[in-house]
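Engineer: A single structure is presented below for examination.
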Amino acid sequence: MTTAPPPIIRDATDADLPAIFDIYHEQVATGSATFDTTPRTPEQQRAWMDAHRSPNRPVIVATDSAGAVLGWASVNQWSDRRAYDRTGEISIYIRAGMRGMGIGRLLMRQLIDRATAAGLCVLLARVTEGNPASLNLHLGHGFVTVGIMHRVGEKFGRIYDVRLLELHIDGWSPAVQS
Ligand SMILES: CC(C)(COP(=O)(O)OP(=O)(O)OC[C@H]1O[C@@H](n2cnc3c(N)ncnc32)[C@H](O)[C@@H]1OP(=O)(O)O)[C@@H](O)C(=O)NCCC(=O)NCCS
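Residue numbers (this note's numbering): 6 to 183.
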């Protein structure tokens, strides 16, 4: 029996946009991981990529050895108020059928490393309740729960709570602070 080689992790390029949004739109249409309810237009997809051209807003992809995109992850702007520039919010999506194989873990590790190298201090994540894979992925990389925002989202006729998590990547911790 041969085992598949590990995925390759690299920076995303404009050529990856169709694959990135193919993966994302599956969750737009069928999942609760994103509260987007309509697919992004090609113009919106390009604008999204344009907003990720600086080192502190990385987009990375995992590909197989043939170059097919299996998943992606990004650091997004948390707020357009400049004092929040030390903080980013992460997104991570693996292609349906390729989940639970360790690809999310690979992308998360690399994303944290890139965000740290770019000088970001805090990563935030919003995880919809009822998504144990995402919650375990974040907790397994040191994210801690800030709190639960109750009943903030409604999709497919169901109301959702959303958990806000934070990861300090600048060495700060409550013990250092006090
Ligand atoms: C959430 C997601 C990114 C995780 O990536 P993945 O490649 O499936 O996860 P991995 O195989 O790397 O596993 C990561 C961790 O989650 C855990 N996990 C994976 N699937 C799980 C499941 N179905 N139930 C519970 N835990 C699970 C694993 O045990 C692993 O933890 P460990 O390292 O302690 O063993 C992926 O499932 C996905 O894209 N889901 C749909 C979109 C989504 O929810 N995105 C996140 C938005 S916040």
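Note that CB positions come from ideal geometry on N, CA and C, so glycine has one too.
(1) Any heavy atom of ligand 1 closer than 7 Å to the beta-carbon of ASN195?
(2) How many angstroms separate the CA atom of ASP27 from the CA atom of TYR98?
(3) Rounded to whole angstroms, what's the CA-CA distance from THR8 to THR18? Just pull it up for me.
(4) From the DSSP secondary-structure annotation, give me the bridge partner or partners of ARG163.
(5) What's the C-alpha gap between ARG131 and LEU169?
(6) Taking C-alpha atoms, which residue in ASP166, PHE148 and PHE161 lies nearest to HIS155?
(7) Taking the straight line between their C-alpha atoms, what separation do you get for TYR29 and ALA56?
(8) Can you give, in chain order, each stretch of the alpha helix (DSSP H) that sits fully within the segment 95-178 and has at least 4 residues?
(9) In the DSSP assignment, find the beta strand (DSSP E) that holds THR68 and state where it starts and stops.
(10) Leaving out the 5 sequence neighbours to the left and right, which residues in its chain are closer than 8 Å to VAL127 when beta-carbon positions are compared?
(11) Following a CB-centred definition, is ARG110 positioned closer than 7 Å to any heavy atom of ligand 1?
(12) Contact defined as beta carbons within less than 8 Å: I believe LEU142 pairs with ARG110. What is the distance between those atoms, to the nearest angstrom?
(13) Might you give, ordered along the chain, the residues of its own chain that have their beta carbon closer than 8 Å to the beta carbon of MET103, omitting 5 neighbours on each side?
(14) Quick check: what's the CA-CA separation for ARG114 versus LEU22?
(15) Just to confirm, is the Cβ distance from GLN82 to ARG62 under 8 Å?
Structural biologist: By the coordinates alone:
(1) Nothing about residue 195 can be read from this structure; the chain reaches only from 6 to 183.
(2) Here the question's residue 27 lines up with position 22 in the sequence shown. Here the question's residue 98 lines up with position 93 in the sequence shown. Those two C-alpha atoms are separated by around 10 Å.
(3) Along the sequence shown, read from residue 1 onward, the residue named residue 8 stands at position 3. Along the sequence shown, read from residue 1 onward, the residue named residue 18 stands at position 13. The straight-line gap from Cα to Cα measures roughly 28 Å.
(4) If you number the sequence shown from 1, residue 163 lands on position 158. Answer is LYS160, bridged to ARG163.
(5) As a first step, residue 131 must be located in the sequence shown, where it is residue number 126. As a first step, residue 169 must be located in the sequence shown, where it is residue number 164. For ARG131 and LEU169, the distance between alpha carbons rounds to 5 Å.
(6) Mapped onto the sequence shown, residue 155 falls at position 150. Comparing Cα-Cα distances from HIS155 to each of ASP166, PHE148 and PHE161, the minimum goes to ASP166.
(7) As a position in the sequence shown, residue 29 is number 24, starting the count at 1. As a position in the sequence shown, residue 56 is number 51, starting the count at 1. In a straight line, the C-alpha of TYR29 is about 17 Å away from that of ALA56.
(8) 108-122 and 137-144
(9) For the purposes of this step, residue 68 is identified with residue 63 of the sequence shown, where counting begins at 1. Run containing THR68: 64-68, per the beta strand (DSSP E) assignment.
(10) For the purposes of this step, residue 127 is taken as the residue at position 122 of the sequence shown. Around VAL127: ARG91, THR92, GLY93, GLU171, LEU172, HIS173, ILE174 and ASP175.
(11) One-based indexing of the sequence shown puts residue 110 at position 105. It does: the Cβ of ARG110 is within 7 Å (strictly closer) of some heavy atom of ligand 1.
(12) What you label residue 142 is simply residue 137 of the sequence shown in a count that begins at 1. What you label residue 110 is simply residue 105 of the sequence shown in a count that begins at 1. 7 Å between Cβ atoms; contact.
(13) The residue you call residue 103 lines up with position 98 of the sequence shown. If we look at MET103 and ignore the five residues flanking it on each side, its Cβ neighbours are LEU75 and GLY76.
(14) Along the sequence shown, read from residue 1 onward, the residue named residue 114 stands at position 109. Along the sequence shown, read from residue 1 onward, the residue named residue 22 stands at position 17. Each residue's Cα considered, the two are about 22 Å apart.
(15) The residue labelled residue 82 in the question sits at position 77 within the sequence shown. The residue labelled residue 62 in the question sits at position 57 within the sequence shown. Yes; because the gap between Cβ atoms is below 8 Å, this pair is in contact.
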